[in-house]
Every structure is written in structure tokens, then in C-alpha cells.
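Enquirer:
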Amino acid sequence: MAGTAPEPPETIEVEELTVACDGGGGALGHPRVYLTLVDGKVECGYCDRLYVLKPGTKIAGGH
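In my numbering, the protein residues as written are -18 to 44.
1. Would you give the residue range spanned by the beta strand (DSSP E) that residue 34 belongs to?
2. Between which two residues does the beta strand (DSSP E) carrying residue 22 extend?
3. In the DSSP assignment, find the unbroken beta strand (DSSP E) run with residue 1 in it and report its ends.
4. Taking residue 2 and residue 18 to be in contact with their CB atoms under 8 Å, please state how far apart those CB atoms are, rounded to whole angstroms.
5. Do residue 33 and residue -1 count as a contact pair if the criterion is CB distance below 8 Å?
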């Protein structure tokens, strides 16, 4: 039985260490969750979107 392979999860480049994900798609998305990048990446547990730190991004040192 031939079928189409599912599309791979979306990868989004970001310039912050904390991102908000709601799955996109408005009402068809998921609850907004805040994710913290570890080692330059984090994956959403709801929609599998992968957030990666944009190459060359400089992160401020905090307080």
C-alpha cells in the first residue's frame, strides 16, 4: 500500500533563548507554551516544531 510520508516538523530559527509556541494555525493549534532553548535548540512537545538558535546570534549575559 503506497502512501505519502508525513512532512517533517517545521524548524524555526530564533534569536532568543525563550520562545512561545501555540502550534500556529489559530484555533487548530495547541495551548501556548513557553520553551527554553538548551544547547541552542528545543522541540515543542505538542507539535514537534523545532526551534534553533539562529547562527551568529549573540545572547546577552543576563543580570
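Just so you know, even glycine gets a beta-carbon here, dropped at the ideal spot from N, CA and C.
Expert: On the basis of the supplied data:
1. 31 to 34
2. 22 to 24
3. -1 to 2
4. Rounded, the Cβ-Cβ distance is 12 Å, inconsistent with contact.
5. no
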